[in-house]
Structure formats: structure tokens, C-alpha cells
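Remarks on the structure that follows.
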């Protein structure tokens, strides 16, 4: 029996490409959305795509937030996985460039899905930052255990920086889905996934420059001996687990119209400085040689999350921080050695 056809947005991203790979590996047919034609060859030429390209067709949608943009591409689609979303970049208008675009994308997609009777489920990438207001990070609260029922309501402008706007945009988008379900009562159900700090090897990282981006740029300098000043919440999650959850979430066995937290080592979380313990345990030679310099540090902001409902729904446990960081360190070591060999 042929598997369903799934529409996936954001397939050129860190998480999205892994979602595409897993979906194809599991036998799904995929209609992949890109914004530019030239992104197609970037995807199909990736080594992981060898033997899988026959299962994917590409559609180009330059403006995902434009009303009706998804109308022509949903025929025969049974499930949608929506990962595409703008990042928090400095701008002269936070509402226009950070807060509004994800809402427009979501509205465009969901309104089109209302007119596509074949769609039975939509999976949307949200974020664990929707659980708390940004101001909570400066509080002394380290004991509250946050669940998927929590939602940040501190979303009103003005926004004073890109991160504040991003925090609000994620919460507003998640709230918008709840309102859509309540008001529109669609023929499909919706799952929102709330990943915490996503780490692990990046399939797009081919050198140290492309490796040191996003959360890796905040965490990995500590194995270069650097002392980081800004704290980071101690709630990691393995990128492969996040990607797998997106694909598993389209399965009927996972209850719909729910939000699921994606985070490992819950509820207590981890200390980022334990990265150095992972390095010493799994890569003693590299520590001894100085390739890994275990003299850095990164302060941890404790944040308790309850992901037990997610593990029960998906039927598997999140990969431990130790195993995730071991894989991330291995990629870093490989890229360092490749860099040295090319000199």
C-alpha cells in the first residue's frame, strides 16, 4: 500500500532537511516547498538524498504569507508539516518583519487547507519559548514545572529588540492556531510541536564557519576554552528527535489538536558545562591533544519542563544530552581536522 503524500515547508533548514530525509526514508511521498528555484538543486545534490529524490516533488512559493499561496499545491495532500518561519534578526520594524510574517504564513496555509478535503492533519513547528514570557528568564523561579498547557500572554508591543519580538511572535502564532481550531472547526486536526534548545549535528555544516551558527555558536565555544557570559536555558533536545517527532506526528496514533513539548533530560534539565564532561569521557585523546580545550564555561538558566506526555504519545524516549552532545562534538572534531588538513 502506497504511503500518503505530505507537504513540507522549511526543507532547506537545520530541522526541516532532516524532516524531509526521515519522511522519504519512511516511504512517504513528499511535496517539498521552496521559495527559490535554485534551492532545489542544493537539496537534491546532498549526499543524504541519494536514492531518495524520486520520492519528492518540489513546488516554488516565493511568498508563503500571501493569501491563497498554498491553494494550488494541496491537491492529494493528506498531511502538512509546516516548519518555515523567519528568524529573529535586527530590523527597524519588529512587528512587520518578525511578529507578523509567521502569522501570515500560518493563516495562508490553514485557510488553504480548509479548501483541501484530502488534508487530515497539519503539524506546525512552534517553540518551548511560547511557554514563558521573556521576562521570566530574569526571575528567580527555578522550581515551576512548565507543561504544554502553559502559554505566554505577555506579547503586546512595543518590542525593544529582535529577541523580544521573536518571543512574542512564537506565542502569538501558537495562540492563533488555538483560536483557529475553536472558531473554524476544520475537517483536519492540528499538532503544534514545542522544541526547546535544538542541538546536534547539522547536515548542512561543511566547515567551521557553517558549524558555528545558531545555538552551536552559543554552546560550542566552551570547548575552545572560551568563557561565555550570557546564560542559556538548560533544556536541550536532539535535532534528530525533533525531526522524527514531526514525521511521527502525522500518524493517526498520535492524538491531534494538542501541543507537545520536545525536550530531553526533563524535568530538571542539564548544566551546559557538563559538555566538558562529555568531551573528557568520549574524546580523551582530543582533550589531551588540545583540540578540545575543556577550560571554557557557559552559565545555565534552570528551566523545568514536563515532556512526559510527548514521550507517551510518540512511544519513544528523547535522546539524552550526553549522547546528543557526543554526536555534536564528533562533528566539530571532524570539521576541525578537515580544516587543518586543508591548510
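Numbering (our numbering), first residue to last: 994 to 1336. Backbone N, C-alpha and C define an ideal beta-carbon position, used for all residues, glycine too. Predicted model, so just to flag it, every value in this text is computed and none were measured.
**Asked** Does any C-beta atom of chain B lie closer than 8 Å to the C-beta of residue 1188?
**Response** Reference to chain B is not applicable here, since this structure consists of a single protein chain.
**Request:** Alpha carbon to alpha carbon, how far is residue 1210 from residue 1254? Give it in angstroms, no decimals.
**Result:** The sequence position of residue 1254 within the chain shown is 261, counting from 1. The sequence position of residue 1210 within the chain shown is 217, counting from 1. One C-alpha to the other measures close to 24 Å.
**Request:** Just list the beta strand (DSSP E) runs in the stretch 1046-1082, keeping only unbroken ones of 3 residues or longer that don't cross its boundaries, in chain order.
**Result:** Listed in chain order, the complete beta strand (DSSP E) runs (minimum 3 residues) inside the stretch 1046-1082 are 1049-1053 and 1072-1075.
**Request:** Could you tell me which uninterrupted beta strand (DSSP E) segments, each at least 3 residues in length, are contained entirely in the stretch 1213-1245, listed from first to last along the chain?
**Result:** Runs found: 1229-1231.
**Asked** Is the Cβ-Cβ distance between residue 1239 and residue 1138 less than 8 Å?
**Response** Taking the first residue of the chain shown as 1, we reach residue 1239 at position 246. Taking the first residue of the chain shown as 1, we reach residue 1138 at position 145. Going by beta carbons, residue 1239 and residue 1138 fall outside the 8 Å limit.
**Per-residue burial, residue 1327 [other beta carbons within 10 Å of its own, 16 or more giving buried]** = The sequence position of residue 1327 within the chain shown is 334, counting from 1. Residue 1327 counts as exposed, since fewer than 16 other C-beta atoms from the protein chains shown sit within 10 angstroms of its C-beta.
**Message:** Which residue marks the beginning of the alpha helix (DSSP H) containing residue 1017, and which one marks its end?
**Reply:** What you label residue 1017 is simply residue 24 of the chain shown in a count that begins at 1. Counting along the chain, the unbroken alpha helix (DSSP H) around residue 1017 starts and ends at 1007-1018.
**Prompt:** Quick one: any contact between the stretch 1071-1087 and the stretch 1038-1053, if contact means 3 or more CB pairs under 8 Å?
**Reply:** The stretch 1071-1087, when compared against the stretch 1038-1053, does not touch it at the 8 Å Cβ threshold.
**Request:** Indicate whether residue 1118 and residue 1174 have their beta-carbon atoms separated by less than 8 Å.
**Result:** In the chain shown, counting from the first residue as 1, residue 1118 sits at position 125. In the chain shown, counting from the first residue as 1, residue 1174 sits at position 181. The answer is no: Cβ separation not under 8 Å.
**Request:** Tell me whether residue 1289 is buried or exposed, calling it buried when 16 or more other Cβ atoms sit within 10 Å of its Cβ.
**Result:** Within the chain shown, the letter at position 296 stands for residue 1289. With a 10 Å radius around the Cβ and a threshold of 16 neighbouring Cβ atoms, residue 1289 comes out buried.
**Prompt:** When DSSP labels each residue in this structure, what does residue 974 get in the three-state scheme?
**Reply:** Past the edges of the chain, shown from 994 to 1336, lies residue 974, and the structure says nothing about it.
**Item:** Contact the stretch 1211-1228 vs the stretch 1154-1161: 3+ CB pairs below 8 Å
**Value:** Output reads no: the stretch 1154-1161 does not touch the stretch 1211-1228.
**Where residue 1162 falls: helix, strand or coil (DSSP)** = Here residue 1162 refers to the residue found at position 169 of the chain shown. Residue 1162: helix per DSSP, three-state reduction.
**Request:** Can you give me the start and stop residues for the beta strand (DSSP E) that residue 1322 sits inside?
**Result:** Numbered from 1 along the chain shown, position 329 holds the residue referred to as residue 1322. Taken as a continuous stretch (DSSP letters only), residue 1322 belongs to no beta strand (DSSP E), being part of the alpha helix (DSSP H) at 1314-1334.
**Message:** Tell me which residue opens and which closes the beta strand (DSSP E) that residue 998 is part of.
**Reply:** Along the chain shown, read from residue 1 onward, the residue named residue 998 stands at position 5. Boundaries of the beta strand (DSSP E) around residue 998: 998-1002.
**Prompt:** Heavy atom of the ligand ADP less than 7 Å from the Cβ of residue 1247, yes or no?
**Reply:** Only the bare structure without any ligand can be found here, which leaves the ligand ADP out of the picture.
**Asked** Under the rule that 16 or more other beta-carbon atoms within 10 Å means buried, what is residue 1080, buried or exposed?
**Response** The residue labelled residue 1080 in the question sits at position 87 within the chain shown. Result: exposed.
**Asked** According to the neighbour-count rule (16 or more other Cβ atoms, all chains shown, within 10 Å of its Cβ), is residue 1193 buried or exposed?
**Response** As a first step, residue 1193 is located in the chain shown; it is residue number 200 there, counting from the start. Per the 10 Å Cβ criterion, buried.
**Message:** Taking 7 Å as the limit between beta carbons, can you name the residues of its chain near residue 1263, skipping five residues before and five after?
**Reply:** Counting from 1 along the chain shown, the entry for residue 1263 is found at position 270. Once the five neighbours on either side are set aside, the close Cβ partners of residue 1263 are 1227, 1229 and 1314.
**Request:** With a threshold of 16 other CB atoms inside 10 Å of the CB of residue 1167, please say whether the residue is buried or exposed.
**Result:** If you number the chain shown from 1, residue 1167 lands on position 174. With a threshold of 16 other beta carbon atoms within 10 Å, residue 1167 meets it and is buried.
**Request:** Out of 1133, 1038, 1071 and 1162, point me to the one whose CA is closest to residue 1146's CA.
**Result:** In the chain shown, residue 1146 corresponds to position 153, counting from 1. Check the Cα spacing between residue 1146 and each of 1133, 1038, 1071 and 1162: the tightest is with 1162.
**Complete alpha helix (DSSP H) runs within the stretch 1263-1321 (minimum length 4 residues, chain order)** = Qualifying alpha helix (DSSP H) stretches, in chain order: 1267-1275, 1277-1282 and 1301-1307.
**Request:** Using beta-carbon positions only, say whether residue 1070 and residue 1016 come within less than 8 Å of one another.
**Result:** Locating residue 1070 in the chain shown gives position 77, where the first residue counts as 1. Locating residue 1016 in the chain shown gives position 23, where the first residue counts as 1. No, Cβ-Cβ distance for residue 1070 and residue 1016 is not below 8 Å.
**Message:** What does the alpha-carbon distance come out to for the pair residue 1029 and residue 1114?
**Reply:** Locating residue 1029 in the chain shown gives position 36, counting from the first residue. Locating residue 1114 in the chain shown gives position 121, counting from the first residue. Whole-angstrom Cα-Cα distance: 26 Å.
**Prompt:** Which residue comes first and which comes last in the alpha helix (DSSP H) that contains residue 1097?
**Reply:** As a first step, residue 1097 must be located in the chain shown, where it is residue number 104. Residues 1093-1107.
**Request:** Express the C-alpha separation of residue 1150 and residue 1019 in angstroms, rounding to a whole number.
**Result:** For the purposes of this step, residue 1019 is taken as the residue at position 26 of the chain shown. For the purposes of this step, residue 1150 is taken as the residue at position 157 of the chain shown. Those two C-alpha atoms are separated by around 43 Å.
**Member of 1012, 1322 and 1013 whose CA lies at the smallest distance from the CA of residue 1215** = Position 222 of the chain shown holds residue 1215. Considering only alpha carbons, the answer is 1322.
**Message:** Going by C-alpha to C-alpha distance, which of 1181, 1128 and 1013 sits closest to residue 1050?
**Reply:** Numbered from 1 along the chain shown, position 57 holds the residue referred to as residue 1050. Here the closest residue by C-alpha is 1013.
**residue 1002 and residue 1076 closer than 8 Å at C-beta** = For the purposes of this step, residue 1002 is taken as residue 9 along the chain shown, with counting starting at 1. For the purposes of this step, residue 1076 is taken as residue 83 along the chain shown, with counting starting at 1. The criterion of a C-beta distance shorter than 8 Å is satisfied by residue 1002 and residue 1076.
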